[in-house]
Amino acid sequence: MKLRLLKPSLGWLIPILSVTMGISLFLIDPLPLQILRNSVFDQYQRWSPRQYNDTPVRIIDIDDESLAKLGQWPWPRTRIAELVKKLQAAGAAAIAFDVMFAEPDRTSPTAMLGTWNPPSDLRNAMSALPDHDASLAKTMARGEVVLGHALQREGKPPEHFARPYSMIKLGASPLPFLNTFNGTITSLPILQDAAAGNGAITFNPDSDGIVRRVPLMLRMADEVMPSLAAEALRVAQGERNYFIRTNEGEGEGILEVRIGAFTIPTTPNGEIWVHYTKPVAARYIPAWKVLAGQVPVELLAGHILLVGTSAPGLLDLRFSPFGRDMPGVEAHAQAIEQILVADHLSRPGWALGLEVVVILIGGLLVGFIGISLGAVSSAAATALIFGIAGMAGWYAYTAQGLLIDPVMPGMALLITFILSSLYHHMVSEHRQRWIKQAFAHYVSPNLVAHLVDHPEQLELGGKRQECSFIFTDLAGFTSLMEKIDPVEAVTLLNHYLDEMIAIAFRHDGTLDRIVGDAVTIMFSAPVPQPDHRQRALKCALEMHRFAKRYADEINAKGIPFGQTRIGVHTGEVIVGNFGGKNIFDYRALGDPINTAARLESVNKHLGTLVCISEATLSGRPDLPVRPVGRLVLKGKTQALMVYQPIIPESGEEARRDAAYENAYALLRDEKPEALQAFETLAAERPHDPLVALHLKRLRTGEQGDRIVMASK
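Structure (structure tokens):
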């Protein structure tokens, strides 16, 4: 009887407390819930992306092919001027640069005078030649050009900043609501003054690095700044004014921005949610084709043209909700596209109130059912309400372009379900034991959990630490992508990377990053490992065995899958969290990382697949290896002793190569007998790359084991 009396007095508090907790958590909005909510919104876009329409927006792409044909970046300003002239002649509505020209052109005649120091007559002739920056400014002055500038959290406003626009504010000042920056990196003043627009290329990615929103307006110090997308749209319409409307209520933020004929709803911070399309090749036009005159005029005339880069080496790649890298310029282009077709995404102000109501009503309903009828009934009610909320959110997205959060209501329902179920089980000893047994299986033994439990092992900033590094690269994968179905190539690559990373994890290595088909592994960070050299060596050898076996299997199927090159090095680096306010990157910085990368790269010049530095080999001096030589890597002055591990076929024992070591000793000591020794080895081993390398050097008159690498 006493137990029954507890139900109304204690049991009815559980739904109320759980709903209160849910609403409190919702209003606090911690980072994990933001990530979950954004993940749902990302999934909406994957399921139902914006359909691409052939809008008059194109990206003039400084891609790898353009760099290969026209030379490395930065290009001379005269070439940029030529590109602008061709786009202007084609009738472009606006030409917006997602690149900056912050420094004078080093290829200008006057700039080269200081480098060449020519005779006076040649100096006079060169001085009379036009300055490249002035030539570009003259071309820009013909119209339609928008320059980009990069806002910065630190610093101060530049001394010279062109403002070819006017801001008209309707309502309260928008400044308190905009993302705030203190300074910016701009193009040269002569170029700013010649351009028709000047817009910020800055994004504010979410904590996971994904660009979900593109700003139309930002704040630098006490001034409102338009973004590159906004300026491109303004210049394309021949407008001068921006109209920024804020809510009449205090503290409610920005409602919309009007640019010419377009009234654009924004977030309170002056951003727009980007409704992405799937990747579309037609959106991109290679820059070299424009310069070669191979682009039909109808693809340029009347278009907003954004000049940017998709080349990975120029480091302007961003993450999209589709889980892929994309060039940063594409986010600007997609934002402009959706403005032109009025296909917007928005998270309305009333969404917050609606979600609180769902938490309140749904939580109380689930809680009362849970304490009265038990876990099964409350689970069914939770699933039903959660399903209704999920379907309503999906309908709002697909039918109205509204982003309604099903995550927090679902979390509140889950909390209520758990608490009410736990209470219900307290009145039953059998149910209580079942709950304890069920939760006894929830274990998290991975490294992330370890670091969460021991946060003192990570420092914000950096600390000096000796680490070992493995760099791997897959030869020929780019050409493989051109020869077979890309889907098949990606499948092969994913399987390859999955196993390579699994090998690293088996040796307790830390995945530093994946760049294309290349993998970087770090040892002794974040958790120090006294035996990091041994771990790195064992890991590298296992990676090599797998990569060779995998390549042989794929090649046997008639697919030219390349071999993997590996470099291993050890040294003192700075390890820690680096980044800014919005995103952190845990990594190591220091010359040993570059050296490890160079060791991977020199494999292709040596004919080897694995190169190990002496610094790493000292951790396992008994490892059978062959000395490669004292390499002076590209850009270095000090020689580095490098070795090739002896890796026998499966099941065999690694043995030292005495014949090679004897020949190498003669080479190292510059003995005349070295040539004959390597001649003999070459006859016995016609396919040994190191023997061939040293024999070639000896035949050309080189002595000793010091090898200067002319390239990376």
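For the sequence shown, this note's numbering assigns the number 1 to the initial residue and increments by one for each residue that follows. Using N, Cα and C, we set each Cβ at its ideal position, and we do this for glycine too.
- CA-CA distance, Asp622 to Thr616, rounds to 12 angstroms.
- In this structure, Leu354 lies away from Ile60, with their beta-carbon atoms at least 9 angstroms apart.
- For Lys169, there is no enclosing alpha helix (DSSP H); the residue is found in the beta strand (DSSP E) stretching over 166 to 170.
- In chain order, Arg213, Pro215 place their CB closer than 6 angstroms to the CB of Glu271, counting only its own chain and leaving out the 5 sequence neighbours on each side.
- In the three-state scheme derived from DSSP, where H, G and I count as helix and E and B as strand, Arg626 is classed as strand.
- The beta carbon of Thr55 sits closer than 7 angstroms to the beta carbons of Glu337, Leu340, Val341 from its chain, once the five residues preceding and following it are set aside; these are given in chain order.
- The secondary-structure analysis by DSSP pairs Asp325 across a beta bridge with Phe319.
- A Cβ-Cβ separation of about 14 angstroms leaves Ala331 out of contact with Val280 under the 8 angstroms criterion.
- Taking Gly302 as the centre and dropping the five residues before and after it, the same chain places the C-beta of Pro56, Gly91, Ala92, Ala93 closer than 8 angstroms to its C-beta, in chain order.
- For Val366, same chain residues with a beta-carbon under 8 angstroms away, outside a window of 5 residues either side, are Pro15, Ser378, Ala381, Thr382, Ile385, Leu413, Thr416, Phe417, Ser420 in chain order.
- Residue range 477 to 483 is occupied by the alpha helix (DSSP H) that includes Ser479.
- Put simply, the backbone Cα of Pro130 is about 15 angstroms away from that of Ile80.
- Collapsing the DSSP output to three states places His694 in a helix.
- In the displayed model, Glu649 falls within coil according to three-state DSSP, outside both helix and strand.
- In this structure, the straight-line span from the alpha carbon of Ser310 to that of Arg685 is close to 45 angstroms.
- In this structure, Asp98 and Gly328 form a Cβ contact; the two beta carbons are roughly 6 angstroms apart against a cut-off of 8 angstroms.
- Phe177 sits in a helix when the DSSP states are folded into three classes.
- The shortest CA-to-CA distance from Ala597 to any of Ala540, Ala665, Thr520 is the one to Thr520.
- For Pro486, the uninterrupted alpha helix (DSSP H) segment begins and ends at 486 to 506.
- Taking 9 angstroms as the cut-off, the Cβ atoms of Ser618 and Thr595 do not count as close.
- By the Cβ test, the region 153 to 169 is in contact with the region 186 to 203, since at least three Cβ pairs between them sit closer than 8 angstroms.
- Collapsing the DSSP output to three states places Asp42 in a helix.
- The continuous beta strand (DSSP E) containing Gly148 extends over residues 145 to 152.
- Within the same chain, and ignoring the five residues on either side of Arg630 in sequence, the residues whose Cβ sits closer than 6 angstroms to its Cβ are Ala639, Met641, Asp705, Arg706.
- Within the region 372 to 411, complete beta strand (DSSP E) segments of at least 3 residues are not found at all.
- By DSSP's assignment, Gly462 forms a beta bridge with Gly576.
- DSSP, reduced to helix, strand and coil, places Glu670 outside both helices and strands of the structure shown, so it counts as coil.
- Val307 sits away from Ala141, with the two beta carbons spaced by 9 angstroms or more.
- Taking C-alpha positions only, Pro672 is separated from Phe477 by approximately 43 angstroms.
- Excluding its 5 nearest sequence neighbours in each direction, Arg464 has C-beta neighbours in its own chain below 7 angstroms: Glu572, Ile574, listed in chain order.
- When only Cα atoms are considered, Thr510 and Ala504 end up about 7 angstroms apart.
- As a beta-bridge residue in DSSP terms, Arg258 pairs with Phe243, Thr263.
- Of the residues Asp222, Asp316, Ala475, the one whose Cα lies closest to the Cα of Leu178 is Asp222.
- Using a Cβ distance threshold of 9 angstroms, Ala89 and Gly148 do not count as a contacting pair.
- Between Tyr44 and Asp343, the alpha-carbon positions lie close to 15 angstroms from each other.
- Nearest in C-alpha terms to Asn247, of all of Pro205, Thr267, Gly171, is Gly171.
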